[in-house]
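Our numbering numbers the first residue of the sequence shown as 1 and each following residue consecutively. Written below as structure tokens is the structure these notes are about.
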Amino acid sequence: MKFRAVVLACASAVALPTLAHAQSAAHNVIIFVPDGLRSAVVDAQSAPTMHALRTKGVMFANSHSIFPTFTTANAAAIATGHYPGDTGDFSNAIYAGFPVLDGRRTSLPVGGIDESTVTPFLENDVILGNMNAKYKGNYLNEESILSAASRAGFSTAAVGKIGPAAIQDVTARTGESTIVIDDATGTELGLPLNAAIAKRLGRMGADLEAPGRGANGSSGAYNAPGTLSANIGQQQYFVDTVTKAVLPEFKARNKPFVMVFWSRDPDGTQHNQGDSLGSLVPGINGPTSAAAIRNADDDLAQLQAALARLGLADTTDIIVTADHGFSTIAKTSMTSVSTSLGYRGVRAGELPSGFLAIDIAKTLGFPLLDPDREGGALVVEYDNGQSPSRGNATIGPTASDPRAVVAANGGSDLVYFPGPDAKAVAAKTIAMLLTQDYVSGLFVDPKLGTFPGTLPLSAINLDGAALTPVPGIVVNFRSFATGCAEPLRCAAEIADSGLQTGQGMHGTFSRSDTFNFQAAIGPDFKAGYVDLVPTSNADIAMTVANILGLKIAPKGSLMGRVMTEAQPNGAVPAFKPGTVDSPAGPNALVTTVKFQDVGTTRYFDAAGFAGRTVGL
């Protein structure tokens, strides 16, 4: 279906709030997110624009992704400045606590199949709207920077990858405040587009429906390589839309703006790349991934050129932050029952998608049901070559009476225990997980009890003011280096995914996944400065609010800080490293968290079992 435009009223009955600063003094801010960009791979050859930006501006040399190191968890942190314990966005796929329409339809057909799931994948505009409807109109439970800026009279926009783009102002769903342009723009499952932008695109003769990924969207199969193409076409559409329509519109409004541009590359290409089918080398370091890094870099260069052309460069701060790092997928285990069973579309002896759910179902002795098929009622015959379609599972007597729910994500999974016997079921599950060689650290909801070998969710800022169900266990998977001189460039990880050995993934508590690229440049940042103080994605919103004078009332207390040391004449705070260890569990296993503190703000480097996590 073609794009739906919202026609804005010529005059508003409600006046906009006064700008926090006089318009002549207020600066613009662009947050550019190169999804999945590792800090260690950026240099003058691989990404000349980003390398130059961090050389001329601020290089955040001690940066951090938020764990779990997934896109929507970090999108929520970038948007609000809060950790997942407050936002409730614990991973890309979570247990929602209710059946969520999955985005194939906007409403249920009369007498039709209930196309819903209790384990929604949050990179979906319809699902985000349905989550809001269930959880007080804002499932994140915190106001975002774009929302606060829009209230204060700034122009605001979020453009790029579906899911994280809309999360930047998750309650803006009409096109009248924050402009949202993503993969679903122009379709019945997308958000309406601001009428002024639609008019500009129309004058350009541009298509009002965003293109798909084309060949870049092909992930291949166990016997066929994935894509050999970067996501150039789709991202060019987004860059053109911003540089030829959004920025000129903001310029014409003659007031400051805040914009988030979310580049799917290099993430999407690194996931799907076909350079390394069945092999850990080169893994995500092949030519296709390199092309994706350069693609994101080229997009940033075009944005900078447009700012210069429009006379906005000197008054615009650019903050570049990747949501997470990246690793190569490994699918080996000597302990999982799933590797002794044969699965269609899976290489012999390798872990299938849903291996964690299979091991838990086997341990608990309950049926494993697929929440993403036939209304969640399909029993998965995992002893007979079947695996969950997306790795997720409800485990229990029936789909409506689950004793455990698994939200599969990749480098770490979430396990929930919604039944009346939650403590007993959790104890049995934890005992099994501590015997598995693919596990590297367990974090447990303290309401379920304390268990040797594990740490509580509060140890990693996952226990806060969240509205969504809190995971009973966060399972971190094993990571390891594949032999290069710089382990953060060639880490591999066990991944609960339908992708293949040699393709890309993230989500673990390894330093390869937490060490994201960060840099900044502009009138509110130092020039030629290397920042050695730890920073994280939760600091972005705090810093932008400080720059723009925005006031936001937090509901939770798990927040980032203002990066004062990166600002002109800003104070450089002290920081110190530390570790926290769990009591020893079976086989002397200890979950360890390695961190750095800046005052009361904690930055998590790596966590897991000794010898099973890169950077620990």
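Built from N, CA and C at the ideal position, the CB exists for glycine as well. Computed from a predicted structure; not experimentally measured.
Exercise for review: Keeping to the same chain, check which residues put their C-beta closer than 6 Å to that of Ala47; ignore five residues upstream and five downstream.
Suggested key: Once the five neighbours on either side are set aside, the close Cβ partners of Ala47 are Ile293 and Asp297.
Practice item. Using the DSSP secondary-structure output, state which residues sit across from Asn516 in a beta bridge. Key: DSSP lists Arg38 as partners of Asn516.
Exercise for review: For His51, collect the residues of the same chain with a Cβ closer than 7 Å to its Cβ; drop the 5 residues on either side in sequence, then sort them by chain order.
Suggested key: The answer, listed in chain order, is Val42, Asp43 and Ala44.
Review point. In whole angstroms, what is the alpha-carbon distance linking Phe604 and Asn461?
Key: Within the model, the alpha-carbon separation for Phe604 versus Asn461 is close to 10 Å.
Point to revise | Contact check, Arg511 vs Ala606, beta carbons under 8 Å | key: Inclusion of Arg511 and Ala606 in the CB contact set at 8 Å is warranted, their separation being smaller than that value.
Review point. Taking DSSP as the reference, what is the three-state secondary structure of Met60?
Key: Here residue 60 turns out to be Phe, not Met, going by the sequence shown. In this structure, Phe60 counts as strand in the three-state DSSP scheme.
**Study point:** Residue span of the beta strand (DSSP E) that contains Gln234, given as start and end
**Key:** Unbroken run through Gln234 is the alpha helix (DSSP H), Ile232 to Thr241; no beta strand (DSSP E).
Practice item. Give the secondary structure of Ile329 by DSSP, where H, G and I count as helix, E and B as strand, and everything else as coil. Key: Strand at Ile329.
**Study point:** Residue of Val100, Glu143 and Val118 minimising C-alpha distance to Asp125
**Key:** Nearest C-alpha to Asp125: Val100.
Check your understanding: Would you report the Cα separation of His64 and Asp539, rounded to the nearest angstrom?
Key -> When rounded, the separation of the alpha-carbon atoms in His64 and Asp539 is 10 Å.
Practice item. For the alpha helix (DSSP H) containing Pro371, list its first residue and its last residue. Key: Pro371 -> no alpha helix (DSSP H), and no H or E assigned at all.
Exercise for review: Would you list the residues sitting across from Met563 in a DSSP beta bridge?
Suggested key: DSSP, once it has assigned bridges, lists no residue as partnering Met563.
Check your understanding: At what residues does the beta strand (DSSP E) containing Glu493 begin and finish?
Key -> In the DSSP annotation of this structure, the continuous segment of the beta strand (DSSP E) that includes Glu493 starts and ends at Ala491 to Ile494.
Review point. What separation, rounded to the nearest whole angstrom, lies between the Cα atoms of Ile494 and Ile329?
Key: One C-alpha to the other measures close to 6 Å.
Practice item. Can you have a look at Thr288 and say buried or exposed, based on whether 16 or more other CB atoms are within 10 angstroms of its CB? Key: By the neighbour-count rule (16 or more Cβ atoms within 10 Å), Thr288 is buried.
Review point. Which value, in whole angstroms, describes the spacing of the CA atoms of Phe517 and Gln503?
Key: Cα-Cα distance, rounded: 20 Å.
Review point. Should Ala5 be labelled buried (16 or more other beta-carbon atoms within 10 Å of its own) or exposed?
Key: Here the model assigns Ala5 a pLDDT of 37, short of 50, so the residue's position is not dependable, and the following value carries that caveat. Counting the other CB atoms within 10 Å of its CB gives Ala5 a total of 16 or more, which places it among the buried residues.
Practice item. Would you tell me roughly how many angstroms separate the C-alpha atoms of Met131 and Gly391, rounded to the nearest one? Key: The straight-line gap from Cα to Cα measures roughly 21 Å.
**Study point:** Which of helix, strand or coil DSSP assigns to Met334
**Key:** The DSSP-derived three-state label of Met334 is coil.
Review point. Which one or two residues does DSSP pair with Ser412 in a beta bridge?
Key: Note: Ser412 sits in a beta bridge opposite Asn476.
Exercise for review: In angstroms with no decimal places, state the Cα-to-Cα distance between Phe257 and Ala184.
Suggested key: Spanning the alpha carbons of Phe257 and Ala184 requires a straight line of approximately 24 Å.
Practice item. Please list the segments of the beta strand (DSSP E) lying wholly inside the stretch 284-353, counting only runs of 3 or more residues, in order along the chain. Key: Listed in chain order, the complete beta strand (DSSP E) runs (minimum 3 residues) inside the stretch 284-353 are 316-321 and 327-330.
**Study point:** Whole-Å CB distance - Phe326 paired with Arg612, under 8 Å assumed
**Key:** Their Cβ separation, rounded to whole angstroms, is 19 Å, which puts Phe326 and Arg612 out of contact at 8 Å.
Check your understanding: If you run the structure through DSSP and keep just helix, strand and coil, what is Tyr603?
Key -> Assignment of Tyr603 by DSSP, reduced to helix, strand and coil, places it in the strand class.
Point to revise | Whole-Å CB distance - Leu191 paired with Lys251, under 8 Å assumed | key: For Leu191 against Lys251, the beta-carbon gap comes to about 23 Å, at or over 8 Å, which does not count as contact.
Review point. Exposed or buried, Ser24, counting other C-beta atoms within 10 Å across all chains shown (16 or more means buried)?
Key: For Ser24, the predicted model reports a pLDDT of 37, less than 50, meaning its position is unreliable and no value from the coordinates is stated.
Check your understanding: What whole-angstrom Cβ distance do Ile318 and Leu146 have, given they're in contact under 8 Å?
Key -> The pair is not a contact, with the Cβ atoms about 16 Å apart (cut-off 8 Å).
**Study point:** Backbone CA spacing between Gly129 and Glu486 [nearest angstrom]
**Key:** Distance between the alpha carbons of Gly129 and Glu486: 42 Å.
**Study point:** Three-state class that DSSP yields for Asp102 in the structure shown
**Key:** Coil, per DSSP.
Review point. Can you tell which of Thr591, Asn141, Gln270 and Thr601 has the C-alpha that lies nearest to the C-alpha of Ser440?
Key: Of Thr591, Asn141, Gln270 and Thr601, the residue nearest in Cα terms is Thr591.
Practice item. Just grab the DSSP bridge partners of Phe32 for me. Key: As a beta-bridge residue in DSSP terms, Phe32 pairs with Phe261 and Val320.
Practice item. Would you kindly report the start and end of the unbroken beta strand (DSSP E) that includes Val281? Key: No beta strand (DSSP E) contains Val281, which DSSP labels as neither H nor E.
**Study point:** Three-state class that DSSP yields for Val405 in the structure shown
**Key:** In the structure shown, Val405 falls within a strand segment according to DSSP collapsed to helix, strand and coil.
Review point. Taking the beta strand (DSSP E) that Ile181 falls in, what are its first and last residues?
Key: Ile179 to Asp182 is the span of the beta strand (DSSP E), which, as asked, contains Ile181.
Practice item. Please name the residue, chosen from Ala26, Thr339 and Val544, that lies closest to Ala77 on a Cα-to-Cα basis. Key: A check of alpha carbon separations from Ala77 across Ala26, Thr339 and Val544 identifies Val544 as the nearest.
**Study point:** Euclidean distance between Cα positions of Val475 and Leu442
**Key:** Between the alpha carbons of Val475 and Leu442 lies a distance of about 5 Å.
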